[in-house]
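So that you can map any letter, position 47 of the sequence shown is 34 in the working numbering, and since no number is skipped, the others follow by simple counting. Here a beta-carbon is modelled for each residue, glycine too, at the ideal position from N, C-alpha and C. Model, not experiment: these values are computed from the prediction. Right, one structure below, let's go through it.
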Amino acid sequence: MKVQEKNIDYKKSRGYEVRLLQAKKSMPHYHTHDLEIIYCLHGSVHVSFAHEQVVLRENEIVAVDYMDIHHLYAEEENLLLVFHLDLHQMDMPWKDLKYMLFSCESVHLYPYQMPAFRSVVDLMLALACANFQDDALPGEMPDKLTGRLLSLLVHYFNWFNYENQDDSMNPELQDRFYRILRYCSEHYQERISLAQLAEQEHISRNYFSQFIGNTVFQSFGQMVQYIRCYNAEHMLLCTDLPNMEISYACGFSDPKYFYAAFKTWWGCTPGEHRQAMQRYMASPADVKVLSSRRSVSILRDYITRWHLYKCCTEETIVPAH
-12 MKVQEKNIDY
-2 KKSRGYEVRL
8 LQAKKSMPHY
18 HTHDLEIIYC
28 LHGSVHVSFA
38 HEQVVLRENE
48 IVAVDYMDIH
58 HLYAEEENLL
68 LVFHLDLHQM
78 DMPWKDLKYM
88 LFSCESVHLY
98 PYQMPAFRSV
108 VDLMLALACA
118 NFQDDALPGE
128 MPDKLTGRLL
138 SLLVHYFNWF
148 NYENQDDSMN
158 PELQDRFYRI
168 LRYCSEHYQE
178 RISLAQLAEQ
188 EHISRNYFSQ
198 FIGNTVFQSF
208 GQMVQYIRCY
218 NAEHMLLCTD
228 LPNMEISYAC
238 GFSDPKYFYA
248 AFKTWWGCTP
258 GEHRQAMQRY
268 MASPADVKVL
278 SSRRSVSILR
288 DYITRWHLYK
298 CCTEETIVPA
308 H
């Protein structure tokens, strides 16, 4: 059994879709142009996406990038708001979003991000209500709200912000980061050198190394390794190609470097990862999607408590459940 792409049914050609569900186990899948945001309203859930494993608890959020192979599993009852944004329908061009990665995890927030995080929650709840009540938001308001949501994610929660501890983000440096990431993502099958990219960016090799060292990747070598392993995971789980062939196809000069790099990022060898996913997919999914009527009732109660919390305190990020 291979991992499959999962298409999202966007109603009325709008740029978002949302479901309220209870999940004990979902099948691994990926989306080709959809950003997924998971908001845990009750209980907890394990979220596995790309190389990350996160336990999402009540009132916490995680963003799953497009093309990330991901799945959910839980050991207790939960209630999840699963939100999708169609990146092809946003005002920001797809060419600018294609290589932008997001990190909106509640457990990794700096103080300057907290007001933006609250706004993300506000927008998700408003759009969720509009999803379940066709007349909840008039005219073009849903499009405006999805635009605001994406703007918040781009400005406060993209991967370049991950190591920033304040709001003093340099747009020129962010553009440089994504130019480098785009180039490596498009040429990962080839030999990529630090000197080559430093020359393209018109900076010294030392400055280039320091620049990447201050990002989430910590070094240029790790950036290239991650991109190659990320693409290798798709080949491992979506094809029957042998590991050695995948290794060369993803730009590794020797399979032993592939195995070492993959274990560094994913915590297991490529073969172990493939076998683990095959075992996981051998049993059926267990996901219950709630009806629109029930979802509206639950969300109304949740929004009331969320609003009361914000009126009463600014000391923490989220309300008590």
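Runs of 4 residues minimum, wholly inside the region 236 to 308: which ones carry the alpha helix (DSSP H) assignment?
Taking 4 residues as the shortest admissible run, the region 236 to 308 contains the following complete alpha helix (DSSP H) segments, listed from N- to C-terminal end: 242 to 253, 257 to 267 and 279 to 299.
Between the beta-carbon of S178 and the beta-carbon of A185, is there less than 8 angstroms? What sits at residue 178 in the sequence shown is Arg, not Ser. Between R178 and A185, the C-beta gap is not smaller than 8 angstroms, which leaves the two residues out of contact.
Query - Beta-carbon separation (whole angstroms), A50 vs V32, contact threshold 8 angstroms - result: Not confirmed; about 15 angstroms, so no contact.
query: Tell me which same chain residues have a C-beta within less than 7 angstroms of the C-beta of N230, skipping the five on either side of it?
result: The beta carbon of N230 is closer than 7 angstroms to those of P242, P257 and G258 in its chain, skipping five residues each way along the sequence.
Straight-line Cα distance separating A182 from Y26 | The alpha-carbon separation between Y26 and A182 amounts to approximately 42 angstroms.
Buried or exposed by the 16-neighbour rule on C-beta atoms within 10 Å, applied to A307: Unreliable positioning characterises A307 in this predicted model, as indicated by a pLDDT of 40, which lies under 50. The coordinate reading is nonetheless provided below. Counting Cβ neighbours within 10 Å, A307 comes out exposed, since fewer than 16 surround it.
Pairwise C-alpha distance: L7 and C225: One C-alpha to the other measures close to 28 angstroms.
Q: On the DSSP bridge assignment, give the partners of E39 in chain order.
A: BP columns for E39 point to F36.
_Counting C-beta neighbours from all protein chains within 10 Å, is the total for V34 16 or more, i.e. buried, or is it exposed?_
V34 sits buried, since 16 or more C-beta atoms from the chains shown fall within 10 Å of its C-beta.
*Just grab the DSSP bridge partners of E4 for me.*
Within the DSSP bridge table, the entry for E4 names H71 as partners.
Worksheet item: Considering only C-alpha positions, which residue in the set L72, L59, A10 and V42 is nearest to K(-2)?
Response: Here the closest residue by C-alpha is L72.
| task | Could you tell me which residues DSSP puts in a beta bridge with Y97? | result | BP columns for Y97 are empty, so no partner.
For Y26, write down the residues that DSSP places opposite it in a beta bridge. The partner list for Y26 (beta bridge, DSSP) reads I48 and L68.
Residues near G30 in its chain [Cβ-Cβ closer than 6 angstroms; skip 5 each side]
Residues of the same chain with a CB within less than 6 angstroms of the CB of G30, apart from the 5 flanking positions on each side, are E63, E64 and N65 in chain order.
Top-ranked residue by Cα proximity to S13, from R163, H58 and Q176
In terms of CA proximity to S13, H58 leads the group R163, H58 and Q176.
Margin query: Let's see if you can read the secondary structure: which residues bound the alpha helix (DSSP H) around L137?
Written below: The continuous alpha helix (DSSP H) containing L137 extends over residues M128 to Y143.
Whole-angstrom distance between F147 and Q161, CA atom to CA atom: One C-alpha to the other measures close to 6 angstroms.
Length of the line joining the Cα atoms of L277 and S90
Put simply, the backbone Cα of L277 is about 27 angstroms away from that of S90.
Assuming M77 and Y165 make a contact with CB atoms under 8 angstroms, what is their CB distance in whole Å?
Between M77 and Y165 a beta carbon distance of about 16 angstroms is seen, past the 8 angstroms cut, so the two are scored as non-contacting.
Looking only at its own chain, which residues have a Cβ that is under 7 angstroms from the Cβ of D52, when we skip the five neighbours before and after it? For D52, where only same-chain residues beyond five positions count, the Cβ hits under 7 angstroms are L22, L88 and F89.
Contact belief for R215 with G238 at Cβ below 8 angstroms, rounded distance in angstroms: So it is a contact: roughly 5 angstroms between Cβ atoms.
Requested in this report: Compute the Euclidean distance between the alpha carbons of K(-7) and T19, then round it to the nearest angstrom.
Outcome: Roughly 8 angstroms between the two C-alpha positions.
Same chain only: Cβ atoms within 6 angstroms of V41, ignoring 5 sequence neighbours per side:
Excluding sequence neighbours, V41 sits near V34 and V49.
Is it a yes or a no for the region 128 to 137 touching the region 165 to 176, going by three-plus beta-carbon pairs under 8 angstroms? Between the region 128 to 137 and the region 165 to 176, the count of C-beta pairs closer than 8 angstroms stays below three; the two stretches do not touch.
### Message
What residue range does the beta strand (DSSP E) around L160 cover?
### Response
If you look at L160, you'll find it isn't in any beta strand (DSSP E); it sits in the alpha helix (DSSP H) that goes P158 to E173.
Check: Taking just the CA atoms, how far does L67 sit from V274?
Finding: About 11 angstroms.
- Query: Relative to the alpha-carbon of Y3, which residue among A117, A248, S93 and Y17 has its alpha-carbon at the smallest distance?
  - Reply: Nearest C-alpha to Y3: A117.
Using the beta-carbon count (16 or more within 10 Å), is V94 buried or exposed?
Per the 10 Å Cβ criterion, exposed.
### Task
Report, in whole angstroms, the separation of the C-beta atoms of A248 and Q212, which I expect to be a contact under 8 angstroms.
Right, their Cβ atoms sit about 4 angstroms apart.
R(-9) in three-state terms, based on DSSP: For the sequence presented, residue -9 should be read as Gln rather than Arg. It is a strand residue.
- Taking C-beta to C-beta, are S180 and L139 nearer than 8 angstroms? No Cβ-Cβ contact shorter than 8 angstroms links S180 with L139.
inquiry  = In the DSSP output, what is K12 paired with across the bridge?
reply    = Bridge partners of K12: Y60 and D273.
query = How big is the Cα-Cα spacing for P102 and D109?
reply = Spanning the two alpha carbons is a distance of roughly 11 angstroms.
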